[in-house]
Each structure stands twice: as structure tokens, then as C-alpha cells.
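To start, the structure under review is shown below, and the notes come after it.
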Amino acid sequence: MIPKRKLRNILQIREIPLLIFVLILSAFFAFTIEGFMTLKNFEVISRQITTVGIVSIGMTLVLVTGGIDLSVGAMLSFAINIGGLLIIRGIPIYAAYPFILLLGAILGAINGLLIVWVKVPAIIVTLGTMNIFRGAIMVITKGKYITSIPQSYSWIGTGYTPFILFVVLLICFEFALRKMQFGRNIIAIGSNEQSAIYSGVPVNKFKVIVYILSGTLSALAGIIFIGRSGFIQPQAGIGYEMSSIAAVVIGGTSIYGGSGTVIGTFLGSLLMGLILAGITMLAVNAYWQGVINGLLIILAISFDTIRQMRRR
Amino acid sequence: MASKPMFNIKRKVPVSLLGLILFNVVLFVGLSFLSPTFLTIRNIQSLMLRMSELSMLTLAQTLVMIGGGMDLTVGSVMALSGAIAGMLFRAGFNPATVLVCALLGGALVGFLNSFLVVHLKIQSFIATVATNTIIRSVVYLLLKGRVLSAFPKSYVSLGSSYVLGFPILFLAVIAIAVALHLLLRRTALGRSIYAAGANEQCAHISGIHVNYVKYFIFTMSGILSAIGGIMYTMRIGAIIPDAGLNSPLEVVTAVLIGGASVRGGKGSVLGSLLGILAMYVLLNGFSLLGLSSFWEVIMLGVVLIAIVGQGNKKQIVKMSRFSRRKAL
Amino acid sequence: MVEIPILVKKMIVVQNVSKQFPGVRALDEVSFNVKKGHVHGLVGENGAGKSTIVKILSGIYSDYDGEVLIDGKQIEFHSVRDARESGIATIFQELSVVKDLNIAENIFLGREPIKFAGVVDCSYMYRRCREVMDFLDEPMDVEGKVGNLSVASQQIVEICKSLVLNPKVIIMDEPTSSLTEKEVLQLYKIVDQLKERGVTILYVSHKLTEIFRICDDITVLRDGKHIGTVQTQDTDTNQIIQMMVGRTLKMLFPERSVKPSNEILMSVRNATRTGEFEDVSFDLHKGEILGFAGLIGAGRTELAKALFGATKLEQGNVSIAGEEFGHFSHPREAFDKGLSYLPEDRKGEGLLLQSSIKENMTLAILKRLHLFRWHSERRERELVDKYADDLQVKMVGIDQIVEMLSGGNQQKIIVARLLMTDTEVFIFDEPTRGIDVGAKYEIYKIMNELTEQGKGILFISSELPEVMGISDRIACMREGRLVKEFTHDDVGPEAIMRVLAGGDA
Chain C
72 MIPKRKLRNI LQIREIPLLI FVLILSAFFA FTIEGFMTLK NFEVISRQIT TVGIVSIGMT
132 LVLVTGGIDL SVGAMLSFAI NIGGLLIIRG IPIYAAYPFI LLLGAILGAI NGLLIVWVKV
192 PAIIVTLGTM NIFRGAIMVI TKGKYITSIP QSYSWIGTGY TPFILFVVLL ICFEFALRKM
252 QFGRNIIAIG SNEQSAIYSG VPVNKFKVIV YILSGTLSAL AGIIFIGRSG FIQPQAGIGY
312 EMSSIAAVVI GGTSIYGGSG TVIGTFLGSL LMGLILAGIT MLAVNAYWQG VINGLLIILA
372 ISFDTIRQMR RR
Chain U
4 MASKPMFNIK RKVPVSLLGL ILFNVVLFVG LSFLSPTFLT IRNIQSLMLR MSELSMLTLA
64 QTLVMIGGGM DLTVGSVMAL SGAIAGMLFR AGFNPATVLV CALLGGALVG FLNSFLVVHL
124 KIQSFIATVA TNTIIRSVVY LLLKGRVLSA FPKSYVSLGS SYVLGFPILF LAVIAIAVAL
184 HLLLRRTALG RSIYAAGANE QCAHISGIHV NYVKYFIFTM SGILSAIGGI MYTMRIGAII
244 PDAGLNSPLE VVTAVLIGGA SVRGGKGSVL GSLLGILAMY VLLNGFSLLG LSSFWEVIML
304 GVVLIAIVGQ GNKKQIVKMS RFSRRKAL
Chain E
99 MVEIPILVKK MIVVQNVSKQ FPGVRALDEV SFNVKKGHVH GLVGENGAGK STIVKILSGI
159 YSDYDGEVLI DGKQIEFHSV RDARESGIAT IFQELSVVKD LNIAENIFLG REPIKFAGVV
219 DCSYMYRRCR EVMDFLDEPM DVEGKVGNLS VASQQIVEIC KSLVLNPKVI IMDEPTSSLT
279 EKEVLQLYKI VDQLKERGVT ILYVSHKLTE IFRICDDITV LRDGKHIGTV QTQDTDTNQI
339 IQMMVGRTLK MLFPERSVKP SNEILMSVRN ATRTGEFEDV SFDLHKGEIL GFAGLIGAGR
399 TELAKALFGA TKLEQGNVSI AGEEFGHFSH PREAFDKGLS YLPEDRKGEG LLLQSSIKEN
459 MTLAILKRLH LFRWHSERRE RELVDKYADD LQVKMVGIDQ IVEMLSGGNQ QKIIVARLLM
519 TDTEVFIFDE PTRGIDVGAK YEIYKIMNEL TEQGKGILFI SSELPEVMGI SDRIACMREG
579 RLVKEFTHDD VGPEAIMRVL AGGDA
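Protein chains in written order, with our numbering: chain C, 72 to 383; chain U, 4 to 331; chain E, 99 to 603.
Dropping the structure here:
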């Protein structure tokens with residue numbers, strides 16, 4: 072009986088269609104594009120998807136609780152720009168990294184506390200804080216790039232390092248979502264908040280934690296960003312909120328809250344990365360990427376909606 | 004028991020808007036004292052002119068948010084209609100055809116949005132995130148990523164003409180705003196939009212065709228944004244592929260400051276325009292005072308959270324006060 | 099049942115508890131005791147304050163006046179968690195399962211057994227769930243999704259949820275509202291088992307048969323006040339009803355002033371909507387109130403909504419005043435053709451809570467007001483004033499926000515909305531739910547007056563006394579089918595109840 076159920080469970084996993092789609096697409100590109108299936112190209116793609124991918128992990132958690140975080144890009148930028156000011160003043164690397172992460176956590180905490188205390192909808196709070204953080208960056212940096220980043224910061228953005236880090240985070244958060252009290256409780260919050268309250272789940276605490284994680288992960292993505300590009304620009308992370316929402320939603324996380332997986336988010340970011348790479352290498356006009364991503368979001372949500380309707 | 008005429012003023016201008024009006028007045032007076040150039044005809048005229056296209060987007064967003072949705076395509080539709088206009092002008096079409104096509108482009112996007120919302124039942128926020136990505140790409144494809152400035156002189160000169168000292172574009176905005184206000188406040192359709200936004204189920208049960216309402220608001224939002232795009236090209240004389248990139252969120256902020264709610268059923272044309280006015284005056288003031296314009300962005304964020312949070316608090320206070328009175 | 103009073107300890111002591119809501123005093127100086135190991139019934143009509151007591155005891159409301167003692171200790175709960183740690187488990191009236199979690203995860207939600215560092219001990223969790231289910235004699239697949247379960251099984255999950263922590267007190271708030279009779283018997287069995295193990299149970303219900311079947315003591319609340327606590331053996335149904343209602347049944351309903359005519363006003367043939375109701379046919383006469391009795395889930399609201407065009411009627415015919423319509427495709431069409439509907443869920447479907455009385459009242463006749471014309475605003479105000487006056491809505495003015503009104507006045511506003519559409523047939527779906535006795539009487543009076551004008555009313559209600567008190571005929575629905583019709587005078591409540599619950603048909 073048990074193996075039968077296991078089998079059924081595997082077949083029911085909704086990442087499977089997405090995975091198949093990713094495989095077919097890779098195969099298609101592999102046949103049509105010379106040099107697509109090379110290690111070098113894989114390295115490029117893996118690096119490309121890492122920053123938005125890590126932000127998307129945080130976004131997944133937020134969406135699972137039924138919230139949304141529009142300030143991820145701004146938090147990323149704020150953390151590394153302020154961190155960058157210290158870096159060029161010679162703060163050691165082992166102090167700079169925790170500082171940047173802490174900044175991200177604090178910004179996330181601000182979001183979470185505002186949502187829980189002032190009871191303003193998440194979309195408004197994070198829209199507001201996005202403006203605030205972005206404005207603050209420009210005021211503090213006066214719009215200047217920080218270019219003289221020491222060479223020692225680049226290790227985290229080169230080779231497979233960022234991708235390995237991404238995969239480790241994926242595994243950790245997938246485990247947390249499936250097997251830990253934290254994960255089960257945030258799913259309950261997103262699925263039926265009233266019921267979570269009645270069952271004694273500390274709803275507010277978990278909501279704040281989720282936004283703190285979103286901020287911290289954004290800051291981490293920022294650290295990788297520094298490592299990869301070697302400079303810090305005030306506009307860093309613009310558009311990340313939309314790309315990460317796209318990746319998460321394509322990955323099958325419900326925008327209604329209550330269900331979602333980090334693995335799905337990974338596949339979502341991978342799919343978007345593949346398409347970008349394929350388009351670039353096919354020398355098709357790169358602007359088509361937006362059209363394809365938009366269609367993917369609509370497709371993914373239509374699936375989600377149909378599934379929701381069938382369940383009712 | 005019958006309401007006294009005294010009440011009427013209060014009913015027409017809600018208390019929440021009085022605060023916003025006061026804020027604008029204080030801003031005007033303060034800036035006039037702080038900066039000698041603020042209260043000059045030139046500055047005010049250019050302020051009105053610069054506001055025009057974003058005001059159109061604000062009106063579009065107001066309509067959608069009252070109806071309980073959100074339209075993040077306003078910025079890309081603005082760019083799209085500008086791009087369509089530019090390309091058709093370059094191809095030698097006459098202005099009438101060009102304008103109609105530009106507006107149709109906007110209407111089509113709006114219709115697509117309403118289709119996603121009504122039939123695929125996608126939340127409007129997410130649906131328009133998706134269409135926004137698509138439309139923005141289409142604009143890039145149309146313009147090949149470059150600035151297009153093939154607009155006829157006579158067309159562009161409209162953007163810098165004045166009637167009685169007011170820019171024509173500004174007058175057009177006011178005229179459209181008045182029309183929209185009347186539509187929302189004085190017609191059955193307007194009431195239906197408010198009702199559908201406040202409680203979709205209740206509206207449906209009360210015999211309102213909620214789906215038609217949604218088709219209307221999104222399509223209308225597309226058209227209004229397209230008008231914004233035409234104003235943009237008239238004013239600048241060119242269309243940039245990135246035009247209106249950040250405007251959806253700016254505009255949502257203005258509408259929320261103007262008294263709307265993300266849950267729908269609230270908001271007004273007057274409030275939204277006051278919201279966008281406050282934003283532009285702040286921006287103008289900061290630049291005149293030589294401050295970083297980014298202070299404005301910060302202020303916006305703070306004001307947004309404060310206003311919405313305050314609204315929630317007021318609700319609670321009002322309720323508890325009421326209960327206390329009842330208990331006595 | 100010979101007991102020595104000194105040995106009987108008080109498990110729950112409620113002392114002078116009051117709770118205030120905007121516009122309502124939900125509890126007013128309520129005091130009563132629940133003895134240890136007893137099953138204590140808490141009864142009262144809707145809005146009597148039962149649910150408020152439950153929410154205070156289970157830690158959801160922490161701001162109230164007065165004190166509550168559990169097992170001799172004064173409690174100060176700030177969350178459900180606090181209550182649970184004091185040994186109180188609650189089964190809430192609204193099923194609160196989380197559809198995205200599996201059965202075991204639901205049962206342990208908010209109190210997951212932790213192996214280390216926040217990792218859930220799944221094997222222990224599953225084992226303990228199976229234990230509890232074995233105790234209840236209700237085996238289930240503990241790893242299955244809750245979303246797929248029937249309502250009754252979800253109720254079992256709720257019961258398991260309250261049992262896994264071995265509580266001292268279990269509060270059951272209307273636990274049978276969605277169960278079939280067979281399942282109710284099973285619940286009795288479970289309650290008896292729990293009692294044997296010395297668990298104190300506070301059993302909240304307004305169904306007196308259940309209360310008399312399983313409770314040792316009964317506390318009656320009415321309009322937020324404590325009316326009395328009696329031992330079950332010393333009392334009978336009539337006394338309890340009298341305590342609940344505060345007056346004799348006769349006075350509760352206005353005298354019907356007209357007899358329905360023989361002329362058929364509306365007839366429905368073979369109405370069907372898959373999974374909701376099947377093959378329902380009936381006639382409604384001029385000046386008649388046709389009551390629809392049934393348990394929750396019998397398909398009455400679903401039928402009403404489909405007749406009204408709010409959802410799609412898959413099969414069947416509706417005709418009003420001799421005209422055949424097939425089915426209505428939208429509520430608008432129903433209004434235009436002479437049928438209006440008062441929804442069951444007042445706040446969710448009936449009202450724009452943040453809007454004014456005026457805007458709420460005219461919602462269904464916007465087109466007719468032609469709001470664009472010059473004087474329409476004045477016309478609208480006159481109309482609203484008139485109806486508010488006729489129905490005696492208590493308000494500050496017609497621009498008042500409806501959220502601030504009492505339930506009864508809110509209901510009158512929806513009634514006014516329907517009256518303005520001037521339809522021939524009205525469907526009133528639970529029009530008296532959650533409103534006070536006085537307002538109920540006024541609603542009945544309005545219904546009575548409508549029949550005087552020759553209108554027909556379909557009256558859906560889950561309160562048997564009111565269906566019997568006001569209807570000319572009573573249609574009984576069970577599991578989506580219309581099983582039997584009674585005329586006003588020829589039956590007693592027991593006979594109807596038997597039909598509804600699935601005895602003889």
C-alpha cells in the first residue's frame with residue numbers, strides 16, 4: 072500500500088509538467104543552437120538565474136503566507152549600497168557580509184512589523200517601503216556608483232559558487248517548508264488565516280519572520296551581485312520584484328497563498344533563464360523575452376486558477 | 004431624521020479629502036515663501052504641463068481601483084500608444100487615423116486585461132504584471148529600442164499651446180476628469196462600479212452585471228492611458244521606449260493617497276488628482292530648493308503607509324467611540 | 099445520580115462577564131458554573147451570546163469585563179495557545195480545517211511535535227493521530243489531504259484536534275450543525291466516552307433534543323444575559339424554550355391576515371443543479387408564504403440562488419404569473435421578470451458595509467433612477483426616505499454608513515432594496531438570522547403585509563419554530579430533494595424534524 076501511495080504522490084507533484092517543459096525546451100535549444108549544451112553556457116545561465124533566484128526563494132515564502140513583497144529589489148540595493156560605503160572605507164570582508172545581511176533583515180523586519188502592527192495590506196506597505204528605500208539610497212549615495220570594490224569580494228560571484236549557494240539554499244528552504252513547523256504553519260496562514268489563529272499558530276510572529284527572510288535573502292543576492300559585477304550601482308535590483316514574482320508564480324506557487332514549493336520556484340527561474348539564453352543565442356531580438364515571460368505567467372496562473380476552481 | 008442641508012458640504016467633500024487639500028495648500032504657501040521662482044506663471048504653467056500625462060494615468064488607475072482592481076499596464080500602454088502614433092506618423096498617415104489607432108491600441112490592451120480578469124479569473128494585479136511585461140516588450144520591438152521623434156510640427160506644437168494662459172493639455176485633462184467624475188458620481192454605471200468594487204457578491208446579487216463593469220473599467224483604463232501617451236508625445240515631441248516605466252506604481256500611490264483602497268469601492272477623481280498634484284508640487288519644490296528629488300520619493304512612501312494606516316486606525320476609533328456612546 | 103455536593107468541583111466559573119461590541123452588548127454580567135466531569139449544555143437563540151462565551155473561554159477575545167476561573171485559577175488568556183495550555187480545547191462552529199495540509203498536520207496545527215530545531219516529528223505525529231482515531235473508532239488516512247474529506251469527516255478531524263492534547267475541558271460549539279443523524283449518534287457516543295474519562299464538556303447548541311440527550315446541566319442565555327442554570331433531570335423542553343425565548347411561542351409571530359388565493363403565482367418544474375439539488379418542483383400561490391425547511395446543506399440556498407439566476411440553473415423551468423422563463427441568466431433578469439432574493443449571508447452578500455443606507459437601498463434599481471437627470475438625486479433621497487420611514491429603520495440619516503447599524507436594521511435595508519424592485523415573488527433566505535427578537539417580529543410583519551398585497555414569498559429558514567409559525571405551507575428539503583410538503587396546521591415539529599433528518603419520507 073505504501074509504495075502505491077508514494078507513486079501516486081510522485082505523479083501528483085505539480086512540478087512534473089514544469090520539469091518536463093524545461094527539459095523539452097533545453098532539448099530544443101540543444102538541437103537548434105550550436106554551443107548551447109556546453110559547460111560554459113551552463114555556467115553563464117546558472118550565474119544569471121542565481122540573483123533573481125535567491126530573491127525568489129524569499130518571495131515564495133511571502134506568497135505562501137498570502138502576502139507579497141514589492142520591496143525586494145529596493146532592499147537589495149539599499150543593503151549593498153550602504154554596505155558598499157563601508158567596504159570602500161576598508162571594512163574587512165568578514166564584517167561587511169554580516170553587516171549587509173543584517174541590513175536586509177532589518178529592512179524586512181520593518182515591512183513585517185508594519186504589516187502586522189499597522190495592519191496595512193502587504194502590497195501597500197511594500198510599495199511604500201520600496202519608494203522609501205529607493206529614495207534613501209539615492210539621497211545617501213547621491214546617485215554615484217561605487218566602483219573601487221576590492222578584488223576579494225569577487226569570489227562569491229564567479230564560477231559555480233553562486234549556483235552552489237543557490238542550490239544549498241533551495242534544499243534548506245524546501246526542507247523547512249515541508250518538514251519544519253515553520254513551513255507547515257506558514258502554509259496554514261496562507262491557506263486559512265482564521266483557522267491558523269484558532270489553532271494557536273503565532274500568525275504575527277511567522278509573518279514578520281517571512282518578511283525578514285525575504286529581506287535577508289535579497290541582501291544575499293546583493294552580495295552575489297557585488298561579486299559578479301565588481302561595482303555597486305544605486306539602480307541595482309530594479310525590476311527584481313516583478314521577475315521574482317514571475318519566477319515564483321511560474322513555479323506553481325499560488326498567488327492566493329497556502330501552497331507553493333521552493334523547487335517549483337527554482338524551475339521557474341531556470342525556465343526564465345533558459346529562455347533568455349536561448350533568445351540571446353538564437354540572435355532573436357532580445358525584447359521577445361518580455362513577451363514570453365508575460366505569456367508564461369498568464370499560462371501558469373490559468374493552471375493555478377483552474378486547479379483552485381476544480382477543488383471548490 | 005431628514006438630512007439637513009448643512010450636511011451637504013460634508014457629503015460632497017469627504018473629511019479625508021479636506022486633509023489632502025490642506026496639505027496641498029500648505030505646500031503651495033510654504034514653497035511660495037521658500038522659493039522665489041515657485042509662484043511664477045512660468046513655473047506653474049510648466050508644472051501643469053508636466054503633470055498632464057501622469058494625470059491621465061492617474062484617472063485610469065482611479066477608475067480601476069474603485070472597481071476593485073489594479074492596472075499596472077498604464078505606463079506601458081502610454082508608451083505603446085505613443086509608439087503606435089509615432090510609427091503611423093512616420094508612415095505618413097493622417098492625424099485622425101493615427102489618433103484613432105493609438106487609442107484603439109490602448110483599448111485593446113485594456114480589453115485583454117479584462118478578459119484575463121473576468122474569464123481566466125486571474126487577480127488583476129498579477130494579470131497586469133504579466134501583460135505589462137508583454138506590452139513593454141512589444142514597445143521595444145516596435146521602436147527597436149530607440150527613441151522615435153517622427154512627429155509632425157503641428158502635432159507637437161499643440162503640446163506647447165496655451166488657452167488663457169493654461170496649457171491645452173492641462174485643460175484637456177480637466178475636461179476628461181470632469182467627465183469621469185460625472186460618470187462615477189451621477190450615473191448608474193458609476194454607482195455600479197463603486198458597488199462592484201466594494202462587494203462583488205453583493206453587487207451581483209443586486210442585479211449588477213459585474214463582468215460588464217470589469218470590461219468597462221479595464222478597457223476605459225486602456226483608452227485613458229493611451230490618451231496619456233498621446234499627450235506625452237505632444238509634450239516631448241518624441242517617444243522613448245522606457246516612457247512610463249515607473250509610472251504604474253507612482254500612479255497607484257497617488258490614487259491611494261487620494262482616498263482609494265486596495266480593496267476597492269473607494270476613491271474619487273478629485274482625490275486622485277489632488278494626490279498626483281501633491282506629488283508633483285513636492286517634486287517641483289524639492290528641485291527648486293536644490294534638494295535631491297529623491298526626498299520626494301521617500302516622502303511618498305511614508306505618506307502612503309501613514310495615510311492607509313491612519314485610515315485603518317480611524318475606522319477602529321470611530322467604531323469604539325460609537326459603541327461607547329451606545330453603552331451610555 | 100446521587101451526588102455529594104462537596105465532591106463536585108467547579109471546572110469553569112464565569113463571574114459577571116460582560117463583553118461589548120460596536121453597537122451591541124453581547125454579554126451582560128453573565129455568571130454560571132460548570133461542574134467537573136459534567137456535560138454542560140449552553141443554549142440560547144442566535145445572538146444570545148453563546149459564541150461570545152466560547153471565544154472568551156478559548157482565548158480569542160481577551161478584552162472583557164468580569165472574571166473567568168478554570169479549575170480554580172483565574173485565567174488571563176491572550177491567545178488560543180494560552181487557553182490550550184490551561185487544558186481547554188475548542189471545536190469551533192465554523193470548520194477551521196486548512197485544506198492545504200494533510201489530516202495529521204491539521205490535527206497538530208500550531209502544536210507540532212518537534213524533534214529538534216523546529217523539525218516536525220512526523221512519525222510521532224502520525225502515530226498519535228492513529229491512536230486518537232482508534233479511540234474514536236474512526237480510522238482515516240492520516241496522510242491524506244483534508245480538502246478531499248466530507249464535511250462530517252472534517253468534523254471528526256476537528257474533534258481529534260481537540261483530543262490529541264488530553265484536555266481537561268472540551269468546548270463544542272454547534273458541533274452537529276453539519277452532520278447527518280447517523281453522524282450525530284456517533285458524536286453522542288464520543289461525548290459519552292469522553293465523559294467516562296472525566297473530561298468536562300461545554301456543549302453549545304440551540305437544538306434541544308441534543309441538549310436533553312447528552313447534557314447533565316443546562317445554562318440558558320438570552321440577549322446576552324444569563325437566564326438560568328438548571329439540572330436536566332429537573333426540567334423539560336417547554337421550560338427551556340420559555341427561558342430561551344422569554345415569552346410564549348404564540349406571541350412570537352404576527353397573526354396571518356390573509357389566506358392565500360388559489361391562483362398560482364410562480365411555479366418551478368424539475369429544477370436541477372448537479373451536486374446541489376435535483377428535480378425540485380413546486381407551486382407558489384398569490385398571497386402565500388411557502389416555508390422551506392431543511393438542515394444545513396440540504397440545498398435550499400443553492401436552489402434559491404439558481405432560481406434567482408445568481409448561479410446557473412442547469413435544468414428546469416421557472417414561470418411567474420403564467421409566463422414561462424426557462425431559467426434566469428442573471429439576477430438582473432430575475433428582478434425585471436418579478437423575482438427578488440434576500441441573501442442568507444447579510445454581511446458577505448447583502449450589503450456594501452462601507453456605503454450609506456441610501457446607496458445600499460437603491461442598488462437594485464439604479465437604472466430606473468436615471469441618475470444622470472437633474473433632479474434624480476432628490477428623487478432618490480425621497481424614495482429612500484419613504485422606505486426607511488415605512489420600515490421604521492432606526493438611523494441618524496440616510497447617509498449613515500450601514501456597518502454601524504444593528505443587524506435588524508441592516509436586514510431592513512436589504513428588504514427595502516427588494517421592495518423597491520417591486521417584484522411579485524420574494525425569496526427570503528434566513529432573513530432573521532442573527533437579529534434580535536423584536537426585529538424578527540418586524541420582519542415577519544413585513545412578510546405578512548406583502549402577502550396582503552398578493553405577493554408570494556419563499557421563506558427559507560433553519561429555525562423550525564419560525565417556519566412553522568409563519569408559513570402557509572412547509573416544503574421539506576433533504577439532500578437536495580424536495581421530500582415532502584406539509585400544510586400549516588397538520589403537523590408538529592417532531593414530524594417535520596423526522597422528515598428533515600431522514601426518517602420516513
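Glycine included, each C-beta is placed from N, C-alpha and C at the ideal position.
Sub-9 Å separation of residue i and residue j beta-carbons
i: Gly365/C; j: Ile137/U; result: yes
i: Ala150/C; j: Gly293/C; result: yes
i: Ile339/E; j: Gln329/E; result: no
i: Pro305/C; j: Tyr224/C; result: no
i: Ile418/E; j: Lys456/E; result: no
i: Asn458/E; j: Ile511/E; result: yes
i: Ile257/C; j: Val333/C; result: no
N-terminal and C-terminal residue of the beta strand (DSSP E) that residue i is part of
i: Asp271/E; result: 267-271
i: Gln118/E; result: 108-119
i: His383/E; result: 375-383
i: Ile173/E; result: Per DSSP, Ile173/E belongs to no beta strand (DSSP E) and is neither H nor E.
i: Asp315/E; result: 315-320
i: Thr527/E; result: The identity of residue 527/E in the sequence shown is Asp, whereas the question assumes Thr. Unbroken beta strand (DSSP E) run through Asp527/E: 523-527.
i: Arg579/E; result: 579-585
i: Ile69/U; result: Not the beta strand (DSSP E): Ile69/U falls in the alpha helix (DSSP H), residues 44-69.
For residue i, three-class secondary structure by DSSP
i: Ile544/E; result: helix
i: Glu183/E; result: helix
i: Gln284/E; result: helix
i: Met146/C; result: helix
i: Ile139/C; result: coil
i: Ser129/E; result: strand
i: His324/E; result: strand
i: Ser19/U; result: helix
i: Asp161/E; result: coil
i: Gln329/E; result: strand
i: Tyr216/C; result: coil
i: Leu187/U; result: helix
i: Glu421/E; result: strand
i: Phe221/U; result: helix
Whole-Å CB distance - residue i paired with residue j, under 8 Å assumed
i: Ser365/E; j: Asp381/E; result: 5 Å
i: Val306/U; j: Ile260/U; result: 6 Å
i: Gly183/C; j: Lys278/C; result: 6 Å
i: Leu185/C; j: Ile220/U; result: No, Leu185/C and Ile220/U are not in contact; Cβ-Cβ is about 29 Å, not under 8 Å.
i: Ser140/U; j: Gly137/C; result: That belief does not hold up - the Cβ atoms of Ser140/U and Gly137/C are roughly 30 Å apart, past 8 Å.
Terminal residues of the alpha helix (DSSP H) in which residue i lies
i: Cys104/U; result: 98-121
i: Ile362/E; result: Per DSSP, Ile362/E belongs to no alpha helix (DSSP H); it is in the beta strand (DSSP E), 362-371.
i: Cys574/E; result: First-last for Cys574/E: 571-576, but that is the beta strand (DSSP E), not the alpha helix (DSSP H).
i: Tyr158/U; result: 156-161
> Mind listing which residues of the stretch 190-214 of chain U have their C-beta closer than 9 Å to chain E's C-betas, in chain order?
Replying inline: Thr190, Ala191, Leu192, Gly193, Arg194, Ser195, Tyr197, Ala198, Ala201, Asn202, Gln204, Cys205, Ala206, His207, Ile208, Ser209, Gly210, Ile211, His212
>> Using a Cβ-Cβ cutoff of 8 Å, what residues of the stretch 255-275 of chain U are near chain E? List them in chain order.
In response: Gly268, Lys269
>> Give me the subset of the stretch 417-450 of chain E whose CB atoms are less than 7 Å from a CB atom of chain U, sorted by chain position.
In response: His428, Pro429, Arg430, Phe433, Tyr439, Pro441, Gly446, Glu447, Gly448, Leu449, Leu450
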